[in-house]
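Enquirer: Pasting in a structure now, in structure tokens, and then I'll have a few things to ask.
2 protein chains.
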Amino acid sequence: MRSPEARLLIVDDEPNIRELLSASLRYAGFEVLAAADGQEAVQVAERVRPDLVVLDVMLPDLDGFTVAEQLRASGRRLPVVFLTARDGVDDKVAGLGLGDDYVTKPFSLEEVLARIRAVLRRTRGDLESPTRLQVADLMLDEEAHEVWRDGRIVRLSPTEFKLLHYFMTNSGRVLSKTQILDHVWNYDFGGDAGVVESYVSYLRRKIDNVEPRLIHTLRGVGYVLRAPRR
Amino acid sequence: MRSPEARLLIVDDEPNIRELLSASLRYAGFEVLAAADGQEAVQVAERVRPDLVVLDVMLPDLDGFTVAEQLRASGRRLPVVFLTARDGVDDKVAGLGLGDDYVTKPFSLEEVLARIRAVLRRTRGDLESPTRLQVADLMLDEEAHEVWRDGRIVRLSPTEFKLLHYFMTNSGRVLSKTQILDHVWNYDFGGDAGVVESYVSYLRRKIDNVEPRLIHTLRGVGYVLRAPRR
DNA sequence: GGCTGAGCTGAGAGTTTGCTGAGGGTGACG
DNA sequence: CGTCACCCTCAGCAAACTCTCAGCTCAGCC
């Protein structure tokens, strides 16, 4: 097993969100620390020197941007991914340094993961990291945001793209509908798992209408994306 | 991973600007060092021997021109790109050495990048480096500041030109509206991403009204400039 | 072979996103 | 002082997208 990808500090006052993020980012291979408010964040960051901070803009004690400022007071370069309400988007333009990024609440885990990875890539000046995923003759290019199947390019809607991306980063692994819902849809999505069926259906029509079939249904369990055996 | 294009030293006392420049120049493939004032700049430059210095004229301790003088005290030729307030333009003409250049604050990242590249090209006497960008039958000549499409020359406003330039240096890569805003517009622009839509619309009318279409909208994601596939 | 329930998919309502024409403000220039 | 190019905003329209639902299919089980 390789060492953690990077050390993250999560700052959010809502325990639910904090837990959600901590757990799934840890699962994604990051080393994760958490803080519930700005003061704690600054203290923790001083001790542990994270590589990146995920920071709620709305905190009980300090404004998120103020926290970011204090975090960087030492002159240290420290990228931040802000979590902001959908309508507070204007604030962001002011406080956002480049190299930072933001995600609007409510977010999906895939979204947050993507942003974190993008920011880390950017700050490291890491231009050549692979941006393509491939399973059999199905290829997804993150940079170009393109999907190819059977030599043909395929147009996908945002949700379809996110779903396929999730499948491809977990190819060969069975994913339950709940799991998919938790990762691809916003955390406050109230509907049922029926949507997943719909979108799998859309995906099949667009990228899995030729042999060999790659998306397989496991009745009562979930779905799996995999190339045929042998 | 290829070696950095060049080693830059950024000198600015405002942490936000310093961060902004550091992060994006690093992402653009430069090796970047930063200093917050004139003294530090001179010290760092002595140690690391940068290829170019990006230097704020307004520093807390020393005048930018003085710093430049000291940087070159060793007799070493060291090109400088000055950052200057819009109204301080007169000062600069005086202090500008040959091979230097300047950008007025507030700047856009594209502007700074363009100046840095131009200065480096000049200092290196690098005549070969491409001054033309081409995608299909769309051609942009940086030197002549001209754009051609379908054999015809096209007149673009300054913003249109910068936007197209950004598209062309990133052809095949999806650019979000936010990303575009961050690179093409001045860093203090407070408005929303609606402008980008407007300017894409202008560009389309001027350079993309013939087949094949080169600017593509990816709904919910951004735009991409690319030649048609096959 | 028939029953049952999970999964599939076409249709459609409601929402979001992007495009573009119109227009006001600003600064350069004569 | 008037004109012009340019920049930005806004609002109405069009298209794309998301999600729900209901009827259908089919695998698994008796």
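Those protein sequence lines, which keep their order, are chains U and S.
Under the working numbering, the first residue of the first sequence carries the number 8, and numbering increases by one thereafter.
Under the working numbering, the first residue of the second sequence carries the number 8, and numbering increases by one thereafter.
Don't be surprised by glycine CBs; every beta carbon is placed ideally from N, CA and C.
Note that the structure is a prediction, hence the values are computed from the model and not measured.
1. Let me know if Leu225(U) comes out buried or exposed under the rule of 16 or more other beta-carbons within 10 Å of its beta-carbon.
2. Report buried or exposed for Thr185(U), applying the criterion of at least 16 other Cβ atoms within 10 angstroms of its Cβ.
3. Taking the C-alpha atoms as reference points, what is the distance between Tyr230(U) and Gly197(U)?
4. Listing by chain order, which chain S residues have their CB less than 9 Å from the CB of Ala151(U)?
5. Applying a beta-carbon distance threshold of less than 9 Å, which residues of chain U neighbour Pro57(S)?
6. My assumption, with CB atoms under 8 Å, is that Leu66(S) sits in contact with Val74(S). Please give the rounded CB distance.
7. Report the option in Ile123(S), Phe174(S) and Arg156(S) whose CA atom is closest to the CA atom of Val60(S).
8. Note down, in chain order, every chain U residue with its Cβ under 7 Å from the Cβ of Pro22(S).
9. Given this structure, state the Cα-to-Cα distance separating Glu135(S) from Gly158(U), to the nearest angstrom.
10. Suppose you measure from the CA of Lys99(U) to the CA of Met146(U); what does that come to, to the nearest Å?
11. Would you mind telling me which residues of chain U sit closer than 7 Å to Tyr34(S), beta carbon to beta carbon, in chain order?
12. On the criterion of 16 or more Cβ atoms from any shown chain inside 10 Å, does Leu27(S) qualify as buried, or is it exposed?
13. At 4 residues or longer, and completely inside the segment 100 to 163 of chain S: list those alpha helix (DSSP H) runs for me, N to C.
14. Hey, is the segment 172 to 187 of chain U in contact with the segment 208 to 222 of chain S, meaning 3+ C-beta pairs nearer than 8 Å?
15. Taking only beta-carbon positions, decide if Ile17(U) is within less than 7 Å of chain S.
16. Are there 16 or more other CB atoms within 10 angstroms of the CB of Asp58(U), so buried, or fewer, so exposed?
17. Residues of the segment 214 to 228 of chain U in Cβ contact with chain S at a cutoff of 8 Å, in chain order, please.
18. Determine contact between the segment 109 to 116 of chain S and the segment 189 to 203 of chain S, defined as no fewer than three beta-carbon pairs at a distance below 8 Å.
19. Can you check whether the CB of Val18(U) is closer than 7 Å to the CB of Leu40(U)?
20. Assign Asp107(S) to one of two classes, buried (16 or more other C-beta atoms within 10 Å of its C-beta) or exposed (fewer than that).
21. Within the 7 Å Cβ cut-off, does Ile123(U) reach chain S?
22. Taking Pro165(U) as the query, report the chain S residues whose CB atoms sit under 8 Å from its CB, ordered along the chain.
23. Taking the straight line between their C-alpha atoms, what separation do you get for Ser205(S) and Glu53(U)?
24. Counting only Cβ pairs nearer than 8 Å, list the residues of chain U close to Arg236(S).
25. Among Leu120(S), Thr91(S), Arg14(S) and Leu90(S), which residue has its Cα nearest to the Cα of Thr176(S)?
26. Please compile the residues from chain S whose C-beta is within a distance smaller than 8 Å of the C-beta of Arg25(U).
27. Pick from Leu140(S), Tyr209(S) and Val161(S): whose alpha carbon is nearest that of Ser178(S)?
28. Just verifying my parser: in three-state terms, what is the DSSP assignment at Asp189(U)?
Expert: Working from what's here:
1. exposed
2. exposed
3. 21 Å
4. Gly179, Arg180, Val181, Val231 and Arg233
5. Near Pro57(S) there are no residues of chain U at all, since even the closest Cβ is about 16 Å away, more than 9 Å.
6. 7 Å
7. Ile123(S)
8. Arg79
9. 37 Å
10. In this predicted model, Lys99(U) has a pLDDT of only 47, less than 50, meaning its place in the structure is not dependable enough to derive any value.
11. Arg129 and Gly132
12. buried
13. 116 to 131
14. no
15. no
16. buried
17. none
18. yes
19. no
20. buried
21. no
22. Arg226, Gly227 and Val228
23. 44 Å
24. Ile160
25. Leu120(S)
26. Those within 8 Å of Arg25(U) in chain S number zero; the least Cβ separation is about 26 Å.
27. Leu140(S)
28. helix
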